[in-house]
Amino acid sequence: MVFVQEPGVFLALILIQSLNMKLYRSLCTRRRKFVSLTIVTLVLLTLKYSQNPKRANHDCELTARDYLNGDKEGGWIEVDKSRDLSGCPVKWPDFVDTGNPNSPEQILKVFRYLDIAFTNRGGVADHTREERRQREADFKNHYFDEWVSRKIAVHRSLPDVRSKKCLDRAYGELPAASIVINFCNEEWSVLLRTLHSILDRTPGHLLKEIVLIDDFSTSDYLKLPLEVYLQPMTKVRLIRTTQRLGLIAARNLGSKVANGEILVFLDSHIECFQGWIEPLLSPIVEDDKIVVFPIIPPIDVHTFGIHLTDAVLLGSLSLNTLQFTWMADSDRPVSSSDYYVESPTMPGGLYAVSRSWFSKLGLYDPQLVGWGGENIEMSLKTWMCGGSLKTSTCSRVAHIYRDRSPVTWPNQQETTRRNSYRVAEVWMDSYKHYFYERNAYNMGNIGDVTERLELRRSLRCQTFEWYLDNVLPEVKKEVLESDVFNGQ
């Protein structure tokens with residue numbers, strides 16, 4: 034007796050058995066062929082899907098772009114999370130885990146894999162010689178040690194480093210924010226750790242949504258595996274661009290599709306500390322023209338240790354390069370009692386802004402390409418057009434700072450210079466010549482700035498000299514001393 038488990042094969046055998054050989058022989062040749070072909074086809078199809086039942090889920094077979102909503106003509110499409118991905122054949126790497134991020138088990142798991150000290154020093158892991166060779170070769174993929182990152186759970190427990198002043202701070206009713214994160218081929222474990230640090234340390238009532246903008250990634254793990262991973266996360270949306278946009282255009286897109294009253298822009302390689310979001314939202318509720326950024330401890334690219342410090346750094350600006358710089362501590366001492374400190378500029382990777390104010394300021398200049406210069410534009414027009422820029426002493430978001438970016442853009446150096454020329458042309462008035470002279474007036478084609486100048490006029494923005502006098506007098510002093518030295 035033969036036991037058949039597959040219903041299709043069982044049905045085929047019944048059909049064959051039921052066909053009386055005499056009746057079968059009485060059929061014409063054409064009908065015999067039809068009956069035989071039907072039975073064989075049924076058996077083959079059944080065997081095909083019985084060998085890999087997961088393939089029967091058609092949602093896994095089709096590409097993501099077959100199940101999207103959005104604006105294809107506008108260059109983006111949103112993943113439809115109603116798809117059934119439960120049976121998709123995705124094998125998770127070791128670093129994917131679940132559980133309470135602050136449980137003893139999770140803490141032990143992190144330290145068992147890697148000795149990381151969350152102090153002013155980052156512990157160094159021990160590795161075999163073969164592992165070191167492989168790690169050195171892989172380092173250039175992302176310009177951080179991805180081998181180390183993958184040994185750390187995506188739910189990494191971080192200490193609560195808030196001072197008593199910050200712990201005792203009471204916040205009123207705050208709106209839920211939209212967190213916008215764009216990425217292009219971000220390393221798998223780092224992206225997930227970014228995501229979980231937000232979900233694990235953000236009160237549910239303050240999180241409207243997380244909008245992930247996939248800027249035309251090509252890595253396989255950011256395709257179906259990422260969609261399967263995000264499926265149960267109801268507050269996470271995944272937007273895919275249909276062509277490479279670059280950081281600036283991708284953030285503009287994120288601001289348009291987001292639904293929250295407040296936007297929080299974050300990079301895709303960060304980790305949020307406990308109590309990070311309330312200090313960013315609170316001042317915007319009081320004045321929607323305030324832009325707020327956190328203290329940003331660096332994550333070591335080799336050990337992934339987080340270098341904690343109590344120093345509150347403020348942003349400055351070099352007129353020679355039009356690049357962001359950190360201000361020396363001695364220039365503007367910060368009182369330990371301050372909750373917020375005004376900053377002339379910001380690094381630009383992590384900050385909160387009212388969606389209405391960001392829109393009123395014209396978003397980022399749509400003709401800024403790739404990345405570079407957008408943080409200076411945002412800093413200048415925030416101050417010059419009636420707003421203010423502040424850093425919160427109670428909010429901390431750690432960030433991986435790298436010597437170079439693994440994400441390339443055609444002629445990136447030239448693109449950044451062009452972006453800076455556009456910012457100078459629109460916002461710096463006659464002071465733009467300090468930047469132009471240092472670059473031999475090598476402007477090239479920076480495009481038409483008429484619309485941006487009209488935006489500045491319509492907002493009745495202040496002059497750049499007003500900015501230097503009232504916001505960044507340290508640079509004004511350097512300019513005057515330089516003019517005297519050069520006999521001007």
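If you want my numbering, it's the 1-based position in the sequence shown plus 33.
Even glycine gets a Cβ: it sits at the ideal position worked out from N, Cα and C.
Checklist entry - Where do the N-terminal and C-terminal ends of the alpha helix (DSSP H) with Tyr27 fall, by residue? => result Outside the shown range of the chain, which is 34 to 521, sits residue 27, and nothing can be said about it.
Item to check | Rounded Cβ spacing between Gly279 and Trp442 (contact assumed at less than 8 Å) | outcome: By one-based count along the sequence shown, residue 279 stands at place 246. By one-based count along the sequence shown, residue 442 stands at place 409. Sure, about 6 Å apart at Cβ, within 8 Å.
Item to check | Contact belief for Leu413 with Trp460 at Cβ below 8 Å, rounded distance in angstroms | outcome: Residue 413 sits at position 380 when you count from the first residue of the sequence shown. Residue 460 sits at position 427 when you count from the first residue of the sequence shown. With a Cβ gap of about 5 Å, Leu413 and Trp460 count as contacting.
Item to check | Burial state of Leu355, where buried means 16 or more other Cβ atoms lie within 10 Å | outcome: Residue 355 sits at position 322 when you count from the first residue of the sequence shown. Result: buried.
Item to check | Rounded Cβ spacing between Phe306 and Val430 (contact assumed at less than 8 Å) | outcome: Residue mapping note: residue 306 aligns to position 273 of the sequence shown, counting from 1. Residue mapping note: residue 430 aligns to position 397 of the sequence shown, counting from 1. Rounded to the nearest angstrom, the Cβ distance from Phe306 to Val430 is 7 Å, consistent with a contact under 8 Å.
Checklist entry - By how many angstroms is the C-alpha of Trp390 removed from the C-alpha of Arg273? => result Locating residue 273 in the sequence shown gives position 240, where the first residue counts as 1. Locating residue 390 in the sequence shown gives position 357, where the first residue counts as 1. Using only the alpha carbons, I get a separation of about 26 Å.
Checklist entry - Can you list, in chain order, the residues of its chain whose CB lies under 6 Å from that of Pro134, leaving out five sequence neighbours each side? => result Here residue 134 corresponds to residue number 101 of the sequence shown, with the count starting at 1. The predicted model places Pro134 with a pLDDT of 45, which falls under 50 and marks its position as unreliable; any figure quoted below should be read in that light. Result list for Pro134: His188, Ser190, Asp233, in chain order.
Checklist entry - How close, in whole Å, do the beta carbons of Ile281 and Trp109 come, if the pair is a contact with beta carbons under 8 Å? => result Position 248 of the sequence shown, counted from the first residue, corresponds to residue 281. Position 76 of the sequence shown, counted from the first residue, corresponds to residue 109. Contact doesn't hold; Cβ gap of about 15 Å is too wide.
Next on the checklist: Can you tell me whether Ser119 is buried or exposed? The criterion is at least 16 other CB atoms within 10 Å of its CB, across all chains shown.
Outcome noted: The residue labelled residue 119 in the question sits at position 86 within the sequence shown. Burial check for Ser119: the Cβ neighbour count within 10 Å stays below 16, so the residue is exposed.
Checklist entry - Do Phe326 and Leu401 have their C-beta atoms within less than 8 Å of each other? => result Working through the sequence shown from its first residue, we reach residue 326 at position 293. Working through the sequence shown from its first residue, we reach residue 401 at position 368. Cβ distance not < 8 Å, so Phe326 and Leu401 don't count as in contact.
Checklist entry - Helix, strand or coil: how does DSSP classify Asp7 here? => result A query on residue 7 cannot be resolved here, the shown segment of the chain reaching from 34 to 521 and no further.
Item to check | Cβ neighbour criterion (16 or more within 10 Å) applied to Thr267 | outcome: As a working note, residue 267 is residue 234 in the sequence shown. With fewer than 16 Cβ atoms within 10 Å of its Cβ, Thr267 is classed as exposed.
Next on the checklist: I'd like to check one pair, Phe357 with Leu350: are the Cβ atoms closer than 8 Å?
Outcome noted: Taking the first residue of the sequence shown as position 1, residue 350 is located at position 317. Taking the first residue of the sequence shown as position 1, residue 357 is located at position 324. Cβ atoms of Leu350 and Phe357: closer than 8 Å.
Item to check | Straight-line Cα distance separating Ala170 from Leu486 | outcome: Taking the first residue of the sequence shown as 1, we reach residue 486 at position 453. Taking the first residue of the sequence shown as 1, we reach residue 170 at position 137. For Leu486 and Ala170, the distance between alpha carbons rounds to 48 Å.
Next on the checklist: When you compare the CB positions of Arg195 and Cys427, do they come within less than 8 Å of one another, or not?
Outcome noted: Residue numbering aside, residue 195 sits at position 162 when the sequence shown is read from its first letter. Residue numbering aside, residue 427 sits at position 394 when the sequence shown is read from its first letter. Cβ atoms of Arg195 and Cys427: closer than 8 Å.
Checklist entry - Which residues share a DSSP beta bridge with Val430? => result Numbered from 1 along the sequence shown, position 397 holds the residue referred to as residue 430. Residue pairing for Val430: DSSP places it in a beta bridge opposite Cys305.
Checklist entry - Taking the alpha helix (DSSP H) that Gln446 falls in, what are its first and last residues? => result In the sequence shown, the residue the question calls residue 446 occupies position 413. Unbroken alpha helix (DSSP H) run through Gln446: 445 to 460.
Item to check | Where Val482 sits in the DSSP three-state scheme | outcome: Residue numbering aside, residue 482 sits at position 449 when the sequence shown is read from its first letter. Residue state, collapsed to three classes: coil.
Checklist entry - Under a three-way DSSP split, which group does Arg273 fall into? => result Counting from 1 along the sequence shown, the entry for residue 273 is found at position 240. In the displayed model, Arg273 falls within a strand according to three-state DSSP.
Checklist entry - With a Cβ-Cβ cutoff of 8 Å, do Ile328 and Leu314 count as a contact? => result Position 295 of the sequence shown, counted from the start, is the residue given in the question as residue 328. Position 281 of the sequence shown, counted from the start, is the residue given in the question as residue 314. Remark: C-beta atoms of Ile328 and Leu314 do not approach each other more closely than 8 Å.
Checklist entry - So the alpha helix (DSSP H) Asp247 belongs to, where does it begin and stop? => result What you label residue 247 is simply residue 214 of the sequence shown in a count that begins at 1. Here Asp247 belongs to no alpha helix (DSSP H); instead the beta strand (DSSP E) covers 240 to 247.
Checklist entry - If Pro208 sits next to Val290, beta carbons under 8 Å apart, how far is it from one beta carbon to the other, in whole angstroms? => result Position 175 of the sequence shown, counting from 1, holds the residue named residue 208. Position 257 of the sequence shown, counting from 1, holds the residue named residue 290. At roughly 18 Å, the Cβ-Cβ gap does not stay under 8 Å, so Pro208 and Val290 are not in contact.
Next on the checklist: Within a Cβ cutoff of 7 Å, which residues of the same chain sit near Ile323, ignoring the five residues on either side of it in sequence?
Outcome noted: Here residue 323 refers to the residue found at position 290 when the sequence shown is read from its first residue. Contacts found: Pro316, Ile317, Gly420, Ser421, Lys423.
Checklist entry - Between which two residues does the beta strand (DSSP E) harbouring Gln167 extend? => result Locating residue 167 in the sequence shown gives position 134, where the first residue counts as 1. In this chain, Gln167 is not harboured by any beta strand (DSSP E); it is covered by the alpha helix (DSSP H) spanning 162 to 175.
Item to check | Rounded separation between Glu498 and Val456 - CA only | outcome: Here residue 498 is taken as the residue at index 465 of the sequence shown, counted from 1. Here residue 456 is taken as the residue at index 423 of the sequence shown, counted from 1. Rounded to whole angstroms, Glu498 to Val456 spans 15 Å at the Cα level.
Item to check | Cutoff 8 Å; reference Val261; Cβ partners in own chain excluding five residues on either side | outcome: Working through the sequence shown from its first residue, we reach residue 261 at position 228. Within the same chain, Val261 has close Cβ partners Leu118, Cys121, Val123.
Checklist entry - When we look at the beta-carbon of Ala158 and count the other beta-carbons within 10 Å, is it buried (16 or more) or exposed? => result For the purposes of this step, residue 158 is identified with residue 125 of the sequence shown, where counting begins at 1. At Ala158 the pLDDT is 47, less than 50, meaning the model places this residue with poor confidence; the figure from the coordinates comes in the next sentence. Looking at its Cβ environment, which holds 16 or more other Cβ atoms inside 10 Å, Ala158 is buried.
Item to check | Secondary structure, beta strand (DSSP E): runs of 3+ residues fully inside the stretch 345 to 375 | outcome: At a cut-off of 3 residues, the continuous stretches assigned as beta strand (DSSP E) that sit fully inside the stretch 345 to 375 are 348 to 351, 356 to 359, 373 to 375.
Next on the checklist: Tell me the residue span of the beta strand (DSSP E) that contains Ala283.
Outcome noted: Locating residue 283 in the sequence shown gives position 250, where the first residue counts as 1. Annotation for Ala283: no beta strand (DSSP E) segment contains it, though the alpha helix (DSSP H) segment containing it runs 280 to 290.
Checklist entry - Going along the chain, which unbroken runs of the alpha helix (DSSP H) with 4 or more residues stay wholly within the stretch 388 to 424? => result The DSSP assignment places 388 to 393, 407 to 417 as complete runs of the alpha helix (DSSP H) inside the stretch 388 to 424, in order along the chain (cut-off: 4 residues).
Item to check | Cutoff 7 Å; reference Leu352; Cβ partners in own chain excluding five residues on either side | outcome: As a first step, residue 352 must be located in the sequence shown, where it is residue number 319. These residues qualify, in order along the chain: Tyr464, Tyr467, Phe468, Val508, Val512.
Checklist entry - CA-CA distance, Ser392 and Pro399? => result For the purposes of this step, residue 392 is taken as the residue at position 359 of the sequence shown. For the purposes of this step, residue 399 is taken as the residue at position 366 of the sequence shown. Distance between the alpha carbons of Ser392 and Pro399 is about 12 Å.
Item to check | CB contact flag (Pro377, Leu505, <8 Å) | outcome: As a first step, residue 377 is located in the sequence shown; it is residue number 344 there, counting from the start. As a first step, residue 505 is located in the sequence shown; it is residue number 472 there, counting from the start. With respect to Leu505, Pro377 sits close: the two C-beta atoms are nearer than 8 Å.
Checklist entry - Just how far apart, CA to CA, sit Thr275 and Asp300? => result Working through the sequence shown from its first residue, we reach residue 275 at position 242. Working through the sequence shown from its first residue, we reach residue 300 at position 267. The alpha-carbon separation between Thr275 and Asp300 amounts to approximately 21 Å.
Item to check | Whole-angstrom distance between Pro366 and Lys510, CA atom to CA atom | outcome: Your numbering for residue 510 matches position 477 in the sequence shown. Your numbering for residue 366 matches position 333 in the sequence shown. Between Lys510 and Pro366, the C-alpha separation is close to 18 Å.
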